[in-house]
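Engineer: The structure is given below, and queries will be raised subsequently.
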Amino acid sequence: MLARVMTMATVLVFGLTGCIVNVNSAGRDDFDYHKQTQLTLDAQSLETLVADTGAGSLKIVGDASVEQITLDADIYGFDGAEPELTLTRSGNKAKLVANFDAFHRASFSNGKSPYIDLLVKVPAGIKLDIHDGSGSIVIRGVQADMEIEDGSGAIEIDGGHKLTIDDGSGSITLTNVAGGIQVKDGSGSLTIASVQGDVEIDDGSGAIEVRGVQGKVTIDDGSGGIRVVDTQGLHIIDAGSGSLSFDNIQGQVSID
Numbered sequence: 000m001l002a003r004v005m006t007m008a009t010v011l012v013f014g015l016t017g018c019i020v021n022v023n024s025a026g027r028d029d030f031d032y033h034k035q036t037q038l039t040l041d042a043q044s045l046e047t048l049v050a051d052t053g054a055g056s057l058k059i060v061g062d063a064s065v066e067q068i069t070l071d072a073d074i075y076g077f078d079g080a081e082p083e084l085t086l087t088r089s090g091n092k093a094k095l096v097a098n099f100d101a102f103h104r105a106s107f108s109n110g111k112s113p114y115i116d117l118l119v120k121v122p123a124g125i126k127l128d129i130h131d132g133s134g135s136i137v138i139r140g141v142q143a144d145m146e147i148e149d150g151s152g153a154i155e156i157d158g159g160h161k162l163t164i165d166d167g168s169g170s171i172t173l174t175n176v177a178g179g180i181q182v183k184d185g186s187g188s189l190t191i192a193s194v195q196g197d198v199e200i201d202d203g204s205g206a207i208e209v210r211g212v213q214g215k216v217t218i219d220d221g222s223g224g225i226r227v228v229d230t231q232g233l234h235i236i237d238a239g240s241g242s243l244s245f246d247n248i249q250g251q252v253s254i255d
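Shown next as structure tokens:
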């Protein structure tokens, strides 16, 4: 029975920090390999998770009961193109790197390039500083400040305190935020709801919908419809092209 199991998956263990499982030899979408990796890091005294991630999805789940950071990675790649995947401590910061180098990304210009899907579990109170290339980002259960710089792909955040987001393209959904929000967005729809602080939006194109903000909403928009409901003030610097509607604004409304 043991021999049968080992023919299906080869397991390599690296100290106490993680393991790699070679799931098969021809991974999804005709990649040469698909590897599953888990890394862990003691979160004691850590204040911030700094993540530098390339292509692939990124999901971060905050949990007040956990005492370590756990990373589960699904790696899809080609022979001769090994990823950089690390989770290390530097002072009070955890540093996560998950990427293939630029040479290997450029080598597969036929529509396929290697990528890494990540699931990261963290203490709920840890701050996030994320630099992401492409692929969706989903964050739930984290109650601290977040800074996100993203190239492309949808962003969905439920929770957080102060959010600062610089996004290239892809839809953005932000809900149940305990502090304020600053968003600079290139293209894609933007939905914001249930925010305790102020909201500032600098948007290129795409529909904007904002609801339930306890502070003031400021919008500078290029194109796309704007809908704002139930806030404590509204300042439209530029509505661009597209419809503009608002309702139940408790404070001052100004349109430049």
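187 is the number that numbering that gives the first Met the number 0 gives to position 188 of the sequence shown; each next residue is one higher, with no gaps.
All residues carry an ideal CB built from backbone N, CA and C; glycine is no exception.
Counting Cβ pairs, one atom from each stretch, are 3 or more of them under 8 Å apart for the segment 139-153 and the segment 66-80?
Structural biologist: The segment 139-153 vs the segment 66-80: no contact.
Engineer: Answer yes or no: do residue 93 and residue 115 have a C-beta to C-beta separation smaller than 8 Å?
Structural biologist: As a first step, residue 93 must be located in the sequence shown, where it is residue number 94. As a first step, residue 115 must be located in the sequence shown, where it is residue number 116. Not closer than 8 Å, so no.
Engineer: Which residue's Cα is closest to the Cα of residue 170: 180, 178 and 187?
Structural biologist: Residue mapping note: residue 170 aligns to position 171 of the sequence shown, counting from 1. Ranking 180, 178 and 187 by Cα distance to residue 170 puts 187 first.
Engineer: Buried or exposed: where does residue 63 fall if 16 or more other Cβ atoms within 10 Å of its Cβ makes it buried?
Structural biologist: Along the sequence shown, read from residue 1 onward, the residue named residue 63 stands at position 64. Label assigned to residue 63: exposed.
Engineer: Can you tell me whether residue 126 is buried or exposed? The criterion is at least 16 other CB atoms within 10 Å of its CB, across all chains shown.
Structural biologist: Stepping through the sequence shown from its first residue, residue 126 is reached at position 127. It counts as buried.
Engineer: On a CA-only basis, which of 113, 142 and 75 is nearest residue 175? Give me that one, please.
Structural biologist: The residue given as residue 175 occupies position 176 in the sequence shown. For residue 175, the nearest C-alpha among the options comes from 142.
Engineer: Which class does residue 31 belong to by DSSP, given the choice of helix, strand or coil?
Structural biologist: Mapped onto the sequence shown, residue 31 falls at position 32. Of the three classes helix, strand and coil, the one that applies to residue 31 here is coil, per DSSP.
Engineer: Output the distance between the C-alpha atoms of residue 219 and residue 184, rounded to the nearest integer angstrom.
Structural biologist: Stepping through the sequence shown from its first residue, residue 219 is reached at position 220. Stepping through the sequence shown from its first residue, residue 184 is reached at position 185. Cα to Cα, the separation comes out at about 10 Å.
Engineer: With C-beta atoms as the reference, is residue 57 less than 8 Å away from residue 134?
Structural biologist: As a working mapping, residue 57 is identified with position 58 in the sequence shown. As a working mapping, residue 134 is identified with position 135 in the sequence shown. Cβ atoms of residue 57 and residue 134: closer than 8 Å.
Engineer: If you count every other CB in all the chains shown that lies within 10 Å of the CB of residue 25, and 16 or more means buried, which is it?
Structural biologist: In the sequence shown, the residue the question calls residue 25 occupies position 26. At residue 25 the pLDDT is 45, less than 50, meaning the model places this residue with poor confidence and gives no usable figure here.
Engineer: Work out the CA separation of residue 168 and residue 222 for me, nearest whole Å.
Structural biologist: Start at 1 with the first residue of the sequence shown, and residue 222 comes out as number 223. Start at 1 with the first residue of the sequence shown, and residue 168 comes out as number 169. Looking at the two C-alpha atoms, the distance is approximately 14 Å.
Engineer: For the beta strand (DSSP E) that residue 78 lies in, which residues bound it at each end?
Structural biologist: Residue 78 sits at position 79 when you count from the first residue of the sequence shown. Note, residue 78: premise wrong, no beta strand (DSSP E); not H, not E.
Engineer: Assuming residue 55 contacts residue 117 under a Cβ cut-off of 8 Å, what Cβ separation, rounded to an integer in Å, is found between them?
Structural biologist: Here residue 55 corresponds to residue number 56 of the sequence shown, with the count starting at 1. Here residue 117 corresponds to residue number 118 of the sequence shown, with the count starting at 1. Yes, they are in contact, since the Cβ atoms of residue 55 and residue 117 sit about 7 Å apart, within 8 Å.
Engineer: Along the beta strand (DSSP E) that carries residue 192, what are the first and last residues, could you check?
Structural biologist: On the sequence shown, position 193 is the one that residue 192 refers to. Start and end: 189-194.
Engineer: Can you tell me which of the three DSSP states residue 91 falls into?
Structural biologist: Start at 1 with the first residue of the sequence shown, and residue 91 comes out as number 92. Residue 91 falls in the coil class under three-state DSSP.
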